[in-house]
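Undergrad: Per this note's numbering, the first sequence runs over residues -11 to 419. Don't be surprised by glycine CBs; every beta carbon is placed ideally from N, CA and C. First, the structure itself, so that you have it in front of you.
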Amino acid sequence: MTTSSSAPASSAPPFAAPKGVPDYFPPTSASFLAVRDTLIESARRAGYGYVELPVFEDTALFARGVGESTDVVSKEMYTFTDRGNRSITLRPEGTAGVMRAVIEHGLDRGQLPVKLAYAGQFFRAEQPQAGRYRQFHQVGVEAVGVDDPALDAEVIAVADAGFRALGLTGYRLELTSLGDTTCRPQYREKLQDFLAALPLDEETRRRAELNPLRVLDDKRPEVRELVADAPLMVDNLSAESLAHYEQVKGYLNDLGVKFVENPRMVRGLDYYTKTTFEFVHDGLGAQSGIGGGGRYDGLMEQLGGQPLSGVGFGLGVDRALLACQVEGVSPGDETRCDVYGVPLGEAAKSRLVALSAPLRAAGVRFDLSYGGKGLKGAMKGADRSGARFALVLGERDIEAGVVQVKELASGDQRPVPLADVVISVLEALGR
RNA sequence: GUGGGUGUAGCUCAGCUGGCAGAGCACUGGGUUGUGAUCCCAGGUGUCGCGGGUUCAAGUCCCGUCACUCACCCCA
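Rendered as structure tokens:
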């Protein structure tokens, strides 16, 4: 690397990442990958097949699927017009896109349920905050086509197992039911009547009109007190929804998944029905939800497909990673390489470069010192790489047909024949 | 969109009521010519976010501005 001395030192970098988007780089990026992969693996173990879907879709898909009146659609979408004059939106959530793909490719015409998992980034133009980014990452699953409470429980268990596999313990699962198309409208009216009689401020009154459930979840103590006696959805469920809810709880007990009921839980997306849940972690600040989901029985039909039920979740990779950091667990924590090459001179360098191919092919994570650093600098590189062994090679070694294998932690060093390097290294690593 | 907090070295941050730019980590070179981490020595570490004002004198006080951040709202 050459340094340019012509440009004056400047305090501000020439470019900064757009507002509210995270950069992940080593060593944190290793944990990020591990979190994402661990959560996907949990879904894979339950028979969910991976789907890779586009990051942008027709704007109308989200407007119709997520709901026009939601905050997400009304003010948080990244929407633009493409060169064909189509309105395009960067996906703010995952379920609508999966449903679109299921319908478009007729995945629901085979055996049901269709069980799919996805991972990727999502976009919402919100004010950034701890754990809330404008580009964030989720792992999600959707199970479409079977209205079985055991499936609700499975989805929840998959999320729980994923978090547990990460080593997380400081979270809880909150559960409730939002009812169905018969009982929810009735309850909503009942709740609005109750709220209308309360001395609420203008802002809250407006919210009561738009989404009365949300008022129940207000953080202000004085409001909480006012709504303490408000009617609750769980007390006004239809017979069918109530039975469904009870069975979900029963299956969760069978699965050994602990939960607490929170009848005041709010979901920001319109499509949820019946079972809804959220994984909450204390210690993340205000954005405490590390995952959430539920059942969405009207969504497929709403998007022009068959009237099939569905249930799924979205788990926040960024927030799960934060939770890991808060709890002091570091998934994916490993050194950068196993073995590090230290060449002395050009001849040795070309020998080590040549060796890197067979070593890596044998599964050894191998790096070497570039740039002609000299022994001291190259050894320093070996140390910083976290490698267990250094391969030191100089003129004397080449003449003798050997390479020095040095264990960095102990300082022990021994020559091995150059011809047997790969085998010797594998042996030294205990493989 | 609305509030609070913070902007000093690559990173984490000191710097009291105005008076010469600081520490640790990291980085580079050296301390036996073929050995790192430890130890010692030397060294870049800098528009003190930016602009204006007050003052003999501003990192410090005032105004503006931008950025970051936390929170409201909302949510993964």
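Among 307, 320, 287 and 202, which residue has its Cα nearest to the Cα of residue 85?
TA: On the first sequence, residue 85 is found 97 positions in, with the first residue counted as 1. The candidate whose alpha carbon is nearest that of residue 85 is 287.
Undergrad: Please name the residue or residues paired with residue 107 in a DSSP beta bridge.
TA: Counting from 1 along the first sequence, the entry for residue 107 is found at position 119. Answer is 127.
Undergrad: Closest by CA to residue 63, which one among 273, 80 and 70?
TA: As a working note, residue 63 is residue 75 in the first sequence. Nearest of 273, 80 and 70 to residue 63, Cα basis: 80.
Undergrad: Which class does residue 194 belong to by DSSP, given the choice of helix, strand or coil?
TA: Position 206 of the first sequence, counted from the start, is the residue given in the question as residue 194. In this structure, residue 194 counts as helix in the three-state DSSP scheme.
Undergrad: Can you tell me whether residue 18 is helix, strand or coil according to DSSP?
TA: For the purposes of this step, residue 18 is taken as residue 30 along the first sequence, with counting starting at 1. If DSSP states are grouped into helix, strand and coil, residue 18 belongs with the helices.
Undergrad: Along the chain, where does the alpha helix (DSSP H) that runs through residue 238 open and close?
TA: Sequence index remark: in the first sequence, residue 238 carries index 250 (1-based). In the DSSP assignment, residue 238 falls within the unbroken alpha helix (DSSP H) covering 227 to 243.
Undergrad: Buried or exposed: which applies to residue 411, given that a residue is buried once 16 or more other Cβ atoms fall within 10 Å of its Cβ?
TA: To locate residue 411, count along the first sequence from 1; it is residue 423. Burial call: exposed.
Undergrad: Taking the C-alpha atoms as reference points, what is the distance between residue 87 and residue 292?
TA: Residue 87 sits at position 99 when you count from the first residue of the first sequence. Residue 292 sits at position 304 when you count from the first residue of the first sequence. Straight-line Cα distance between these residues: approximately 10 Å.
Undergrad: Do the segment 138 to 154 and the segment 222 to 242 meet, that is, are 3 or more Cβ pairs less than 8 Å apart?
TA: Three or more beta-carbon pairs separated by less than 8 Å link the segment 138 to 154 to the segment 222 to 242, which places the two stretches in contact.
Undergrad: Tell me which residue opens and which closes the alpha helix (DSSP H) that residue 53 is part of.
TA: Within the first sequence, the letter at position 65 stands for residue 53. It spans 47 to 54 - the alpha helix (DSSP H) in which residue 53 sits, taken as one unbroken run.
Undergrad: For residue 243, tell me which candidate among 137, 352 and 290 has the shortest Cα-Cα distance.
TA: By 1-based counting over the first sequence, the position of residue 243 is 255. Residue 137 is the option with its Cα nearest to residue 243.
Undergrad: Do the segment 66 to 83 and the segment 111 to 122 touch if we need at least three Cβ pairs shorter than 8 Å?
TA: yes
Undergrad: Taking residue 8 as the reference, which of 124, 183, 170 and 378 has the closest Cα?
TA: The residue labelled residue 8 in the question sits at position 20 within the first sequence. When each option's Cα is compared against that of residue 8, the closest is 124.
Undergrad: Under the DSSP definition of a beta bridge, which residues are partnered with residue 263?
TA: In the first sequence, counting from the first residue as 1, residue 263 sits at position 275. Within the DSSP bridge table, the entry for residue 263 names 165 as partners.
Undergrad: Taking residue 340 and residue 331 to be in contact with their CB atoms under 8 Å, please state how far apart those CB atoms are, rounded to whole angstroms.
TA: Indexing the first sequence from 1 puts residue 340 at position 352. Indexing the first sequence from 1 puts residue 331 at position 343. That pair is a contact at about 5 Å.
Undergrad: Starting from residue 417, follow the alpha helix (DSSP H) in both directions and report where the run begins and ends.
TA: Sequence index remark: in the first sequence, residue 417 carries index 429 (1-based). That residue, residue 417, is in no alpha helix (DSSP H); it is neither H nor E in DSSP.
Undergrad: Compare the Cα-Cα distances from residue 276 to each of 298, 303 and 289 and report the closest residue.
TA: Reading the first sequence from its first residue, position 288 is the one you call residue 276. Nearest C-alpha to residue 276: 303.
Undergrad: Say whether the segment 346 to 366 touches the segment 308 to 317, bearing in mind that this needs 3 or more beta-carbon pairs closer than 8 Å, one atom from each stretch.
TA: no
Undergrad: Answer yes or no: do residue 203 and residue 220 have a C-beta to C-beta separation smaller than 8 Å?
TA: Indexing the first sequence from 1 puts residue 203 at position 215. Indexing the first sequence from 1 puts residue 220 at position 232. No; because the gap between Cβ atoms is not below 8 Å, this pair is not in contact.
Undergrad: Nearest to residue 51 by alpha carbon, out of 75, 70 and 4?
TA: Here the question's residue 51 lines up with position 63 in the first sequence. Closest by alpha carbon: 75.
Undergrad: State buried or exposed for residue 19, treating a residue as buried only when at least 16 other CB atoms are found within 10 Å of its CB.
TA: In the first sequence, counting from the first residue as 1, residue 19 sits at position 31. It counts as buried.
Undergrad: DSSP puts residue 381 in a beta bridge; with which residues?
TA: For this step, residue 381 is matched to residue 393 along the first sequence. Residue 381 pairs with 331.
Undergrad: Looking at residue 38: is its Cβ nearer than 8 Å to the Cβ of residue 131?
TA: Taking the first residue of the first sequence as position 1, residue 38 is located at position 50. Taking the first residue of the first sequence as position 1, residue 131 is located at position 143. In this structure, residue 131 does not lie closer than 8 Å to residue 38 by Cβ.
Undergrad: CA-CA distance, residue 45 and residue 224?
TA: In the first sequence, counting from the first residue as 1, residue 45 sits at position 57. In the first sequence, counting from the first residue as 1, residue 224 sits at position 236. So the two alpha carbons sit approximately 37 Å from each other.
Undergrad: Short of 6 Å in beta carbon distance, which residues of its chain neighbour residue 329, apart from the five on each side in sequence? Order them along the chain.
TA: To locate residue 329, count along the first sequence from 1; it is residue 341. The answer, listed in chain order, is 340, 356 and 379.
Undergrad: Report the three-state DSSP secondary structure of residue 26 (helix, strand or coil).
TA: For the purposes of this step, residue 26 is taken as the residue at position 38 of the first sequence. The three-state reading of DSSP puts residue 26 in helix, counting H, G and I together.
Undergrad: Sort 324, 271, 297 and 335 by Cα distance to residue 311 and report the nearest one.
TA: On the first sequence, position 323 is the one that residue 311 refers to. That would be 271, whose Cα lies nearest to the Cα of residue 311.
Undergrad: Helix, strand or coil: which one does DSSP assign to residue 63?
TA: Residue mapping note: residue 63 aligns to position 75 of the first sequence, counting from 1. Of the three classes helix, strand and coil, the one that applies to residue 63 here is helix, per DSSP.
Undergrad: Output yes or no for whether 8 Å exceeds the beta carbon distance between residue 161 and residue 246.
TA: Position 173 of the first sequence, counting from 1, holds the residue named residue 161. Position 258 of the first sequence, counting from 1, holds the residue named residue 246. Closer than 8 Å, so yes.
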